[in-house]
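Adding 101 to a residue's 1-based position in the sequence shown gives its number in this note's numbering.
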Amino acid sequence: MFRFIAIVLLSLLFQSCDDGDIIVTSFNFGDANLALCGGPETYVFYKINNDAQESISLQIEAVDSMFIKQDTLTFILDGNSNFVSYRKYDGPVTSSYFCQSTPPITPTVTLNYAGDSGTAVLTTTLLLDDNDGVPTVENSVDIMEEGMGDLDGDGIPNYYDSDDDGDNIPTAVELALDLNEDEDNNPLTTPNDFDDDGIPNYLDSDDDNDGVPTRNEDSDDEGLDPRDDTNNDNVPNYLNSDVTNSFDSEAYIQHSFDRNSDIQLLLSDLVLTNASETITQETINMGTIDNVVDDTVTFTPIFTVD
102 MFRFIAIVLL
112 SLLFQSCDDG
122 DIIVTSFNFG
132 DANLALCGGP
142 ETYVFYKINN
152 DAQESISLQI
162 EAVDSMFIKQ
172 DTLTFILDGN
182 SNFVSYRKYD
192 GPVTSSYFCQ
202 STPPITPTVT
212 LNYAGDSGTA
222 VLTTTLLLDD
232 NDGVPTVENS
242 VDIMEEGMGD
252 LDGDGIPNYY
262 DSDDDGDNIP
272 TAVELALDLN
282 EDEDNNPLTT
292 PNDFDDDGIP
302 NYLDSDDDND
312 GVPTRNEDSD
322 DEGLDPRDDT
332 NNDNVPNYLN
342 SDVTNSFDSE
352 AYIQHSFDRN
362 SDIQLLLSDL
372 VLTNASETIT
382 QETINMGTID
392 NVVDDTVTFT
402 PIFTVD
């Protein structure tokens, strides 16, 4: 009798392993780096654990602008445009498996789970830097600070505007011309204020306070450079209150800033299925990728009449 009951129990056990019951398991991808390929409309994020000859990947339909905006995006897994794949192989797998239009013949997939339920959350952290040496003031909207304010109204927040006051002399140049004598080699402690109006030159659109905007003191109208010296006294016009000739300059100089972004990817409420099993994962931290974008942007702001 006991033997019969044991056989029945074993029979039920084998059936329960093959009837699609939910199995909760874990993945050993903690030491694997998150990688990325694809674009500009379809991207594949993947991690490879060759110790176990396994991979997990996420394919999403998105645009590359998601990497140049500070944002958190949520993608719904639908098994079509957005889906996760967990696979095991009969040998080591490389990035070419994910980054070629046609996967290589080897290794062969020995086990495949498709994830068409859950969400993928992509967080992009963006850093923009005009390299002018002025520290950014986080969350500030004061137009006189290196934050979100836009002193010259050129559409570029001060923190990545390489010419904060719009006078066509780059901020870094105006700070480099540190004429104060505090001898600390730091132009930001007491930045030069040529006309003593309480506004440092790099934030002053009329540096010599002669009534002519610095931008309009470009006497030869060449190169949008107001540092001309009309009377040859070794003092540029924009710092010489005795020179008040005005030349309308209705254009900005070329601007540039460095752009760098990192991303973090999180999978939530993931359900992976194959023909006979279901694997659930409440959360999988896929990890981060640094320097997804790392470039320099050069452009010329559109000039508008004051």
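Ideal Cβ positions, reconstructed from N, Cα and C, are used throughout, including at glycine.
For residue i, three-class secondary structure by DSSP
{"i": "Asp-165", "result": "helix"}
{"i": "Thr-315", "result": "helix"}
{"i": "Phe-400", "result": "strand"}
{"i": "Ser-474", "result": "The chain is shown from 102 up to 407; residue 474 falls before or after that span and cannot be answered."}
{"i": "Asn-43", "result": "Residue 43 is absent from the model: the chain starts at 102 and stops at 407."}
{"i": "Leu-252", "result": "coil"}
{"i": "Asp-391", "result": "strand"}
{"i": "Glu-351", "result": "coil"}
{"i": "Ala-376", "result": "coil"}
Contact belief for residue i with residue j at Cβ below 8 Å, rounded distance in angstroms
{"i": "Ser-350", "j": "Asn-317", "result": "5 Å"}
{"i": "Lys-189", "j": "Thr-225", "result": "That pair is no contact at about 31 Å."}
{"i": "Gly-192", "j": "Gln-154", "result": "7 Å"}
{"i": "Asp-409", "j": "Asp-231", "result": "One cannot answer for residue 409 here, as it falls past the ends of the chain, which runs 102 to 407."}
{"i": "Asp-251", "j": "Asn-259", "result": "6 Å"}
Per-residue burial, residue i [other beta carbons within 10 Å of its own, 16 or more giving buried]
{"i": "Lys-148", "result": "buried"}
{"i": "Phe-184", "result": "buried"}
{"i": "Ile-354", "result": "buried"}
{"i": "Val-313", "result": "buried"}
{"i": "Asp-119", "result": "Residue placement at Asp-119 is flagged as unreliable, the pLDDT there being 43, under the threshold of 50; the coordinate-derived value follows with that caveat. Asp-119 should be labelled exposed."}
{"i": "Glu-247", "result": "buried"}
Own chain, CB closer than 7 Å to residue i, minus 5 neighbours either side, in chain order
{"i": "Thr-220", "result": "Thr-175, Phe-176, Ile-177, Leu-178, Ser-369 and Asp-370"}
{"i": "Val-394", "result": "Phe-168, Ile-169, Arg-360, Asn-361 and Ser-362"}
{"i": "Pro-301", "result": "Pro-292, Asn-293 and Asp-294"}
Spatial neighbours of residue i in its chain, beta-carbon cut-off 6 Å, leaving aside the 5 residues before and after
{"i": "Asp-253", "result": "Asp-266 and Gly-267"}
{"i": "Gly-324", "result": "none"}
{"i": "Arg-328", "result": "Pro-337"}
Contact under 8 Å by Cβ, residue i with residue j
{"i": "Asn-134", "j": "Asn-150", "result": "no"}
{"i": "Val-344", "j": "Asn-335", "result": "no"}
{"i": "Thr-399", "j": "Ser-357", "result": "yes"}
{"i": "Ile-270", "j": "Thr-315", "result": "yes"}
{"i": "Pro-205", "j": "Tyr-214", "result": "no"}
{"i": "Asn-310", "j": "Asp-319", "result": "no"}
{"i": "Ala-273", "j": "Asp-305", "result": "no"}
{"i": "Ile-187", "j": "Leu-373", "result": "The amino acid occupying residue 187 in the given sequence is Tyr; Ile does not appear at that position. Taking 8 Å as the Cβ cut-off, Tyr-187 and Leu-373 qualify as a contacting pair."}
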